[in-house]
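Protein chains in written order, with our numbering: chain W, 1 to 151; chain Y, 152 to 302.
All C-beta atoms, glycine included, are put in the ideal place defined by N, C-alpha and C.
Please read these numbers as outputs of a predicted model, since none were measured by experiment.
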C-alpha cells in the first residue's frame, strides 16, 4: 500500500529535503554530514559525475564541490514525495544560481533524493527520529527556463 | 534495518532490472508496459528530459523514444541493489550502443531504478509477486569509457 503516510510525515520529509539544500547553500561539510547516512552503500550521482558509493567517497565529492564553488542558491520547485514505511522518495527541480570560477550560472537540475527514517540517539540518550539521505542523483535539465519568482 | 532481504529476493530484483533493459532493447511499448507500475505518481526522468509524472506521460515518452531509435543495445554493469521491505533501489551503469538518425553512438548512462513489490492476480486468480518500476532516472556519464567486453 502506498502513500498511507501521514501529512506530518510528509512535512518531515519535505523539511529534510530543504535541510539538504540549505547544507548545500552553506558550503559547509559539517552541515552536509548531518543530513546524510554515513553508510558504505550510500549512493550519490552529481550531474555529469561518476557514481560515488559510500559515505567517504560522497564526503570527498562534496569537499571538491565546495572548494570550487563561490556561491550557490537554490529555489526548489515541483517537489513530489512518496513514502513507503521507512523510505521516502523525493523528486524535485533544483533551480540553481551559482558562481563557479567567477562565472554566474543559472541552471536546472532534476533530483531524486531518497531518505531513510532512522532512530538516532541524542545527547540525553533519547531516540530521535531523523530522515537521512541514502541516495541522491541529479541530472541537468535541458531547455531549462528559470521560474518567474521575484526575490 | 537494511539489506535483510534474502539473496533470492535480490535475484528477483536483478531479473526485473534486466527485464526493463530487454524491454528497452525490444523497442516494444507492450513489453515496456509490463515492467512499469501504471500509477499516476510514477516518475521517469530520461537523460536531458523534463521529468515525466504518471504512467500516461511516461508511456508517451517511451513511444517517442522508440519511434526515434533504430537500434539500442545495453550492457548493464556496476549494479547495486538495496531492498527495504517492498521497495528496491537499484543503481547501475547503462553501457549503451545505439543508432539514432543513422548515427552509431556509444554512451554511458547512470540510472536509478526503483521497484515496488506488488501482488498481481494472474489468469488463474492466483497472486503473483512482481517487482514493478515506480521511478527511473538516467543521467549521461561524462568522461565515459566503454567496458572492455568482447561479444
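Secondary structure note for residue 239(Y): its beta strand (DSSP E) is the uninterrupted segment 238 to 251. A direct Cα-to-Cα measurement between residue 61(W) and residue 299(Y) gives close to 27 Å. Under the Cβ criterion of 8 Å, residue 173(Y) is not counted among the residues facing chain W. For residue 233(Y), at least one C-beta of chain W is nearer than 8 Å to its own C-beta. In the DSSP assignment, residue 26(W) falls within the unbroken alpha helix (DSSP H) covering 7 to 26. Three or more Cβ pairs closer than 8 Å define a contact, and the region 277 to 284 of chain Y meets that threshold against the region 185 to 204 of chain Y. For residue 198(Y), a Cβ of chain W is located within less than 8 Å of the residue's own Cβ. DSSP places residue 293(Y) in the coil class of the three-state scheme, outside both helix and strand. Contact between the region 164 to 171 of chain Y and the region 249 to 267 of chain Y is present: 3 or more CB-CB pairs across the two stretches fall below 8 Å.
Contact residues of the region 110 to 122 of chain W toward chain Y are 110, 111, 112, 114 and 116 (C-beta to C-beta distance below 9 Å). Put simply, of 183(Y), 209(Y), 179(Y) and 214(Y) the residue whose alpha carbon is nearest the alpha carbon of residue 171(Y) is 183(Y). When 9 Å is used as the limit between beta carbons, residue 85(W) is near these residues of chain Y: 235, 236, 237 and 238, in chain order.
The C-alpha of residue 288(Y) lies about 5 Å from the C-alpha of residue 196(Y).
Rounded to the nearest whole angstrom, the CA to CA distance from residue 88(W) to residue 255(Y) is 39 Å. The Cβ atoms of residue 176(Y) and residue 225(Y) lie closer than 8 Å to each other. Pairing residue 248(Y) with residue 214(Y), the inter-Cα distance amounts to about 19 Å. Residue 221(Y) sits in coil when the DSSP states are folded into three classes, being neither helix nor strand. Residue 283(Y) is bridged by DSSP to 267(Y). Scanning 71(W), 43(W) and 109(W) for the CA closest to the CA of residue 200(Y) turns up 109(W). Per the C-alpha coordinates, the member of 297(Y), 245(Y) and 251(Y) positioned closest to residue 227(Y) is 245(Y). In this structure, residue 251(Y) lies away from residue 230(Y), with their beta-carbon atoms at least 8 Å apart. Here residue 91(W) is near residue 194(Y), since their CB atoms are less than 8 Å apart.
When 9 Å is used as the limit between beta carbons, residue 194(Y) is near these residues of chain W: 80, 82, 89, 91 and 112, in chain order.
Its Cα nearest to that of residue 59(W), the residue 34(W) stands out among 47(W), 72(W), 102(W) and 34(W). The alpha carbon of residue 71(W) has as its nearest neighbour, out of 23(W), 51(W) and 81(W), the alpha carbon of 23(W).
Straight across, the Cα-Cα distance linking residue 198(Y) with residue 180(Y) is about 19 Å.
For residue 291(Y), the closest of 258(Y), 297(Y), 274(Y) and 277(Y) by C-alpha to C-alpha distance is 258(Y).
Residue environment: residue 233(Y) is assigned as buried (16 or more neighbouring CB atoms within 10 Å of its CB, all protein chains considered). When the Cα atoms are used, residue 127(W) and residue 235(Y) turn out to be separated by approximately 21 Å.
Comparing alpha carbon positions, the residue from 204(Y), 262(Y) and 273(Y) closest to residue 169(Y) is 262(Y). Look at the region 276 to 298 of chain Y: the residues with a C-beta under 8 Å from a C-beta of chain W are 285, 286, 288, 289, 290, 291, 292, 293 and 294. In the three-state scheme derived from DSSP, where H, G and I count as helix and E and B as strand, residue 190(Y) is classed as coil.
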